[in-house]
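Right, one structure below, let's go through it.
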Amino acid sequence: VELLQRFHQAEVPQISIIDMKDERKKRRVRQHYYSDLLLKELIQTKERGKQAIIFQNRRGYSPYLECEECGWVPGCVNCDVKLTYHKTFNKLVCHYCGYSISIPGKCKECKMPALKIKGIGTERIEDELPMFVPGLRMARMDLDTTRTKNKIEKLFESIENKEIDVLVGTQMVTKGLDFENIELIGIIDADTMLNFPDFRSNERSFQLFTQVSGRAGRRNHQGLVMIQTSQPKHPVLMFLLQNDYKGFVQWQLEERKKFNYPPFVRIVKIELKNKDLSQVREISKKLAFELRKIKSMEVLGPQAPIIGKIQNYYIMELWLKLNRNNDALKQRDEVYATIHRFFSVPELRYFKWSADVDPM
Ligand SMILES: [Zn+2]
Ligand SMILES: [Zn+2]
Numbered sequence: 018v019e020l021l022q023r024f025h026q027a028e029v030p031q032i033s034i035i036d037m038k039d040e041r042k043k044r045r046v047r048q049h050y051y052s053d054l055l056l057k058e059l060i061q062t063k064e065r066g067k068q069a070i071i072f073q074n075r076r077g078y079s080p081y082l083e084c085e086e087c088g089w090v091p092g093c094v095n096c097d098v099k100l101t102y103h104k105t106f107n108k109l110v111c112h113y114c115g116y117s118i119s120i121p122g123k124c125k126e127c128k129m130p131a132l133k134i135k136g137i138g139t140e141r142i143e144d145e146l147p148m149f150v151p152g153l154r155m156a157r158m159d160l161d162t163t164r165t166k167n168k169i170e171k172l173f174e175s176i177e178n179k180e181i182d183v184l185v186g187t188q189m190v191t192k193g194l195d196f197e198n199i200e201l202i203g204i205i206d207a208d209t210m211l212n213f214p215d216f217r218s219n220e221r222s223f224q225l226f227t228q229v230s231g232r233a234g235r236r237n238h239q240g241l242v243m244i245q246t247s248q249p250k251h252p253v254l255m256f257l258l259q260n261d262y263k264g265f266v267q268w269q270l271e272e273r274k275k276f277n278y279p280p281f282v283r284i285v286k287i288e289l290k291n292k293d294l295s296q297v298r299e300i301s302k303k304l305a306f307e308l309r310k311i312k313s314m315e316v317l318g319p320q321a322p323i324i325g326k327i328q329n330y331y332i333m334e335l336w337l338k339l340n341r342n343n344d345a346l347k348q349r350d351e352v353y354a355t356i357h358r359f360f361s362v363p364e365l366r367y368f369k370w371s372a373d374v375d376p377m
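Mapping of the sequence shown onto this note's numbering: residues 18 to 377, in sequence order.
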């Protein structure tokens, strides 16, 4: 099955799961994100002259500002997203349309100077970790620091020459990095990935955690992987702990069969966009009604996606679950014919829509 082929049996580092809820209760966590267990291990790794990778995939959960008095969060004027805090430019930036503002001095709602940075991204980790591990030399690997080939080469050189102790990065650090001297991997916040609302989030998490674990020195010694989470019993982590990728795949297939997801069905995502919210709602409802006439096909929605507005366009989605049996092609053609018929009436000829088969 396709799931099976995506994972390769990885080498086996020791995996340690840190229960962050429990650690926080016992006051053994600094700044909400750094457990004493991980910090202690970082210090020891550094003292042995070894190196570490700290992994934080901040996708969708980047650092943002929030008013501690009233909860106000600065958002984009064009999109339905929080603005992301960029320390280097001292600005709040929208990652979807590029809109940016300088950091406001006080809350727009309650006028209190109570804005605090929330959430955690690689840049913040790079800034904060040396507070708890004196003399720690850090480098960062993410989109912002690897724009040129020259920069990447310099980064690799500094790791190779042991000029840095810790490399902090996004999923860029999960692949292809092969440095003998790296013995410790820290996953700062497994929850942001495990909780991502998508039926593939378990598969993605397992894959990324497995890949990043594989970065812990694999030739002459056993590396250590520390995973910080508030869900220490999460099935993904249990399978990871037992290095049981076959068990993981089997569990995923059972889940997907139960909830009727790929590979048991094909998914077609239809996206409708309009600057008028009520219009996009109405049109997508009508389209859903037409599509539901197709036999033995499940239609989910319409619903707004996680980010419901981008560059002033409101978005609605329909998810179709198509058969995988002999009728699959016939059913798909019926779907396309229905959509084209629907949008070919004069008043909808310029309506923005798109269809995506097996969307990633
Ligand atoms: Zn406020
Ligand atoms: Zn925007």
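Ideal placement from N, C-alpha and C gives every residue a C-beta, glycine not left out.
Residue 189 to residue 47, Cα distance in whole Å?
Numbered from its first residue, the sequence shown carries residue 189 at position 172. Numbered from its first residue, the sequence shown carries residue 47 at position 30. Cα to Cα, residue 189 sits roughly 26 angstroms from residue 47.
Enumerate in chain order the residues of its own chain whose CB-to-CB distance from residue 85 is below 6 angstroms, with the five nearest sequence positions on each side excluded.
Locating residue 85 in the sequence shown gives position 68, counting from the first residue. Closer than 6 angstroms at the Cβ level, and outside the excluded window around residue 85, lie 131 and 133.
Buried or exposed (CB count within 10 angstroms, at least 16 for buried), residue 319
Taking the first residue of the sequence shown as 1, we reach residue 319 at position 302. Residue 319 is buried by the Cβ-count criterion.
For residue 103, the residue or residues it bridges with in DSSP:
In the sequence shown, residue 103 corresponds to position 86, counting from 1. Its beta-bridge partners are 108.
I'd like to confirm the pairing. Which residues does DSSP put opposite residue 66 in its beta bridges?
Locating residue 66 in the sequence shown gives position 49, counting from the first residue. Paired residues: none, contrary to the question.
To test your reading of the DSSP string, which unbroken alpha helix (DSSP H) runs of 4 or more residues are found completely within the region 298-369?
345-360
Other residues of its chain near residue 277: CB distance less than 7 angstroms, five sequence neighbours each side excluded
Taking the first residue of the sequence shown as position 1, residue 277 is located at position 260. Excluding residues within five positions, the ones whose Cβ falls inside 7 angstroms are 315 and 338.
Is any heavy atom of ligand 1 found at a distance shorter than 8 angstroms from the C-beta of residue 128?
The residue you call residue 128 lines up with position 111 of the sequence shown. The answer is yes for residue 128.
Indicate, with yes or no, if ligand 2 has a heavy atom lying under 8 angstroms from the CB of residue 325.
Walking along the sequence shown from the start, residue 325 turns up at place 308. Not under cutoff, so the answer is no.
Uninterrupted beta strand (DSSP E) stretches inside the region 204-290 (no shorter than 3 residues):
241-246
What would DSSP say about residue 183, mapped onto helix, strand or coil?
For the purposes of this step, residue 183 is taken as residue 166 along the sequence shown, with counting starting at 1. Of the three classes helix, strand and coil, the one that applies to residue 183 here is strand, per DSSP.
Delimiting residues of the alpha helix (DSSP H) encompassing residue 146
As a working note, residue 146 is residue 129 in the sequence shown. Unbroken alpha helix (DSSP H) run through residue 146: 139-149.
Proximity to residue 196 [Cα-Cα], best of 187, 177, 207 and 208
Against the sequence shown, residue 196 aligns to sequence position 179. Per the Cα distances, 177.
What did DSSP end up calling residue 157 once you bin it into helix, strand or coil?
For the purposes of this step, residue 157 is taken as residue 140 along the sequence shown, with counting starting at 1. In the structure shown, residue 157 sits in a strand (DSSP, three-state: E or B).
Using 8 angstroms as the cut-off, can you tell me whether the region 156-169 makes contact with the region 31-46, which would need three or more C-beta pairs spanning the two stretches below that distance?
no
In the DSSP assignment, what are the bridge partners of residue 84?
As a first step, residue 84 must be located in the sequence shown, where it is residue number 67. In DSSP, residue 84 forms a bridge with 132.
Can you tell which of 123, 38, 232 and 375 has its C-alpha closest to the C-alpha of residue 279?
Your numbering for residue 279 matches position 262 in the sequence shown. It is 375.
Across which residues does DSSP place residue 47 in a beta bridge pair?
Sequence index remark: in the sequence shown, residue 47 carries index 30 (1-based). Answer is 51.
Opening and closing residue of the alpha helix (DSSP H) in which residue 36 lies:
Position 19 of the sequence shown, counted from the first residue, corresponds to residue 36. Here residue 36 belongs to no alpha helix (DSSP H); instead the beta strand (DSSP E) covers 31-36.
Tell me whether residue 88 counts as near ligand 1, meaning its Cβ is closer than 8 angstroms to at least one heavy atom of that ligand.
In the sequence shown, residue 88 corresponds to position 71, counting from 1. Correct: residue 88 has its Cβ closer than 8 angstroms to ligand 1.
Any 3 or more C-beta pairs closer than 8 angstroms across the region 284-300 and the region 220-233:
no
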